[in-house]
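To start, the structure itself, in C-alpha cells.
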Amino acid sequence: MEKNKETRWDTPIHVDAASGGFIAPFLYPELEWDFRLPLVKSINVSGHKYGLVYAGVGWVVWRSKDDLPDELIFHINYLGSDQPTFTLNFSKGSSQIIAQYYQFIRLGFEGYKNIMENCMENTKALKEGIEKTGKFEVLSKDVGVPLVAFALKDSSKHTVFEIAESMRRFGWIIPAYTMPPDAEHVAVLRVVIREDFSRSLAERLVSDLGKVLAEMESLPSRFTVASVIAEKSKDGIVVKKSVEEIEREITTYWKNMVDRKKTSGVC
Numbered sequence: 000m001e002k003n004k005e006t007r008w009d010t011p012i013h014v015d016a017a018s019g020g021f022i023a024p025f026l027y028p029e030l031e032w033d034f035r036l037p038l039v040k041s042i043n044v045s046g047h048k049y050g051l052v053y054a055g056v057g058w059v060v061w062r063s064k065d066d067l068p069d070e071l072i073f074h075i076n077y078l079g080s081d082q083p084t085f086t087l088n089f090s091k092g093s094s095q096i097i098a099q100y101y102q103f104i105r106l107g108f109e110g111y112k113n114i115m116e117n118c119m120e121n122t123k124a125l126k127e128g129i130e131k132t133g134k135f136e137v138l139s140k141d142v143g144v145p146l147v148a149f150a151l152k153d154s155s156k157h158t159v160f161e162i163a164e165s166m167r168r169f170g171w172i173i174p175a176y177t178m179p180p181d182a183e184h185v186a187v188l189r190v191v192i193r194e195d196f197s198r199s200l201a202e203r204l205v206s207d208l209g210k211v212l213a214e215m216e217s218l219p220s221r222f223t224v225a226s227v228i229a230e231k232s233k234d235g236i237v238v239k240k241s242v243e244e245i246e247r248e249i250t251t252y253w254k255n256m257v258d259r260k261k262t263s264g265v266c
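So in numbering that gives the first Met the number 0, the last one in the sequence shown is 266, and the numbering has no gaps at all.
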C-alpha cells in the first residue's frame, strides 16, 4: 500500500495458494494472507492437493465481481443467448467439483483442521526419524506445507540421486533434485506428507532408508564411478556437462554395479 501511495499506482495482489490455501486457514489462522489484506483481489487454490480431491480441480476466487478482468470472461451465444463464463465448460466433467463439495460438507472446518494437524504430526515423526540416521541435514522448516526436504551431510561418496534410485526397490518414489541457480551444489530429497501418509508409513520409509544407507556403505564411492565414466569418454576428451547429466550418468553406472551384485537364484 505504501508503494502504491508513493508511485500513485493501483497494483493489486494475486495470491497463489495452490497448497497453502488449504493449510494456513487451519494451522495458522492468525496469518494474514487472504482478503483480510485490502490489496488482495484474487486467490487460487488446488483442490487436488490439500483440498483432498483427486486430480484435477482448482479454484480461483475474486474479492468482488469488479475485480474479475473482462479479458478472462468468455462469451458464447450458439445456445440461443449470450452466456458469459470464466471457468471450464462443456466437455470438462464435474466429478471433481462434486467430490470437492462432498469433502467440504463431510469434513467441515474442524475435519480439515484435524487432518492438517495430523499431517504435521506425521511430518515431525518423519523428520525426527531421518535425523536419527545421522546422515542427513533437514533443510525444510517446521512451519508451512507438511514436507521434509533433506540433504546428505557428506556427499563425497554417494549422492541423493543414488538413494532415490535405490529406494524405488522398496516401492518409494522420492524426488531428488538440485536447487536453483547459485545453489546448484545443494541436492535434496523431498517427501510431501498428505492425508494418506500415516505414521506407520513414515516409520517404514525411515526403515527402508536405513537399509539403503547400509547397502551403500559396501559400494564404491561416486568419485570412483566418476573417474571410470571420464575414462570412457569419447577420444579421451571429457565433455563438459551439466550437474544433472553428470549425476544421472553416475547414478546409472552405480545402479548397474548394484544389479551385478544381486543373485539371480530363486528366493
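We put the CB at the ideal spot given by N, CA and C, even for glycine.
Length of the line joining the Cα atoms of residue i and residue j
{"i": "I228", "j": "M166", "result": "Unreliable placement is indicated for I228, whose pLDDT of 49 sits below 50; the coordinate value is still reported in the next sentence. Approximately 24 Å between the Cα atoms of the pair."}
{"i": "A201", "j": "V39", "result": "37 Å"}
{"i": "R62", "j": "F135", "result": "44 Å"}
{"i": "N3", "j": "P11", "result": "9 Å"}
{"i": "N113", "j": "G57", "result": "22 Å"}
{"i": "Q95", "j": "N43", "result": "16 Å"}
{"i": "P145", "j": "V60", "result": "24 Å"}
{"i": "G19", "j": "S206", "result": "30 Å"}
{"i": "Q99", "j": "Y111", "result": "12 Å"}
{"i": "T6", "j": "L36", "result": "19 Å"}
{"i": "W8", "j": "L30", "result": "26 Å"}
{"i": "L208", "j": "K156", "result": "17 Å"}
{"i": "A23", "j": "G143", "result": "8 Å"}
{"i": "D181", "j": "Y27", "result": "32 Å"}
{"i": "K327", "j": "V190", "result": "With the chain covering 0 to 266 only, the question about residue 327 has no answer from this structure."}
{"i": "E161", "j": "T177", "result": "13 Å"}
Coarse secondary structure for residue i, derived from DSSP in three states
{"i": "V211", "result": "helix"}
{"i": "A150", "result": "strand"}
{"i": "L188", "result": "strand"}
{"i": "T132", "result": "coil"}
{"i": "V56", "result": "coil"}
{"i": "V142", "result": "coil"}
{"i": "M119", "result": "helix"}
{"i": "G107", "result": "helix"}
{"i": "A182", "result": "coil"}
{"i": "F169", "result": "helix"}
{"i": "Y49", "result": "coil"}
{"i": "R203", "result": "helix"}
{"i": "S94", "result": "helix"}
{"i": "V227", "result": "Note on V227: pLDDT 49, under 50, position unreliable in the model; no value is reported."}
{"i": "R198", "result": "helix"}
{"i": "K156", "result": "coil"}
{"i": "E1", "result": "helix"}
Buried/exposed call for residue i, threshold 16 Cβ in 10 Å
{"i": "G50", "result": "buried"}
{"i": "Y53", "result": "exposed"}
{"i": "K210", "result": "exposed"}
{"i": "A213", "result": "exposed"}
{"i": "V255", "result": "Before going further, note that residue 255 is Asn rather than Val in the sequence given. When all chains shown are included, N255 counts as exposed."}
{"i": "V187", "result": "buried"}
{"i": "F73", "result": "exposed"}
{"i": "I104", "result": "exposed"}
{"i": "G264", "result": "Since pLDDT at G264 reaches only 46, below the 50 mark, its modelled position is unreliable, and no value is offered."}
{"i": "K204", "result": "Before going further, note that residue 204 is Leu rather than Lys in the sequence given. Burial call: buried."}
{"i": "A175", "result": "buried"}
{"i": "F169", "result": "exposed"}
{"i": "N121", "result": "buried"}
{"i": "G92", "result": "exposed"}
{"i": "M215", "result": "buried"}
Per DSSP, the bridge partner or partners of residue i
{"i": "S41", "result": "H13 and W61"}
{"i": "H74", "result": "P83"}
{"i": "A175", "result": "L188"}
{"i": "V137", "result": "F149"}
Chain C contact for residue i (CB, 9 Å cutoff)
{"i": "I42", "result": "Chain labels in this structure do not include chain C; a single protein chain is all it has."}
beta-carbon residue i near the ligand NAP non-hydrogen atom, thresh 8 Å
{"i": "S154", "result": "As far as ligands go, the structure on display features none, and thus does not contain the ligand NAP."}
key: Unbroken stretches of the beta strand (DSSP E), 3 residues or longer, contained in the region 11-37   = 12-15, all fully within the region 11-37.
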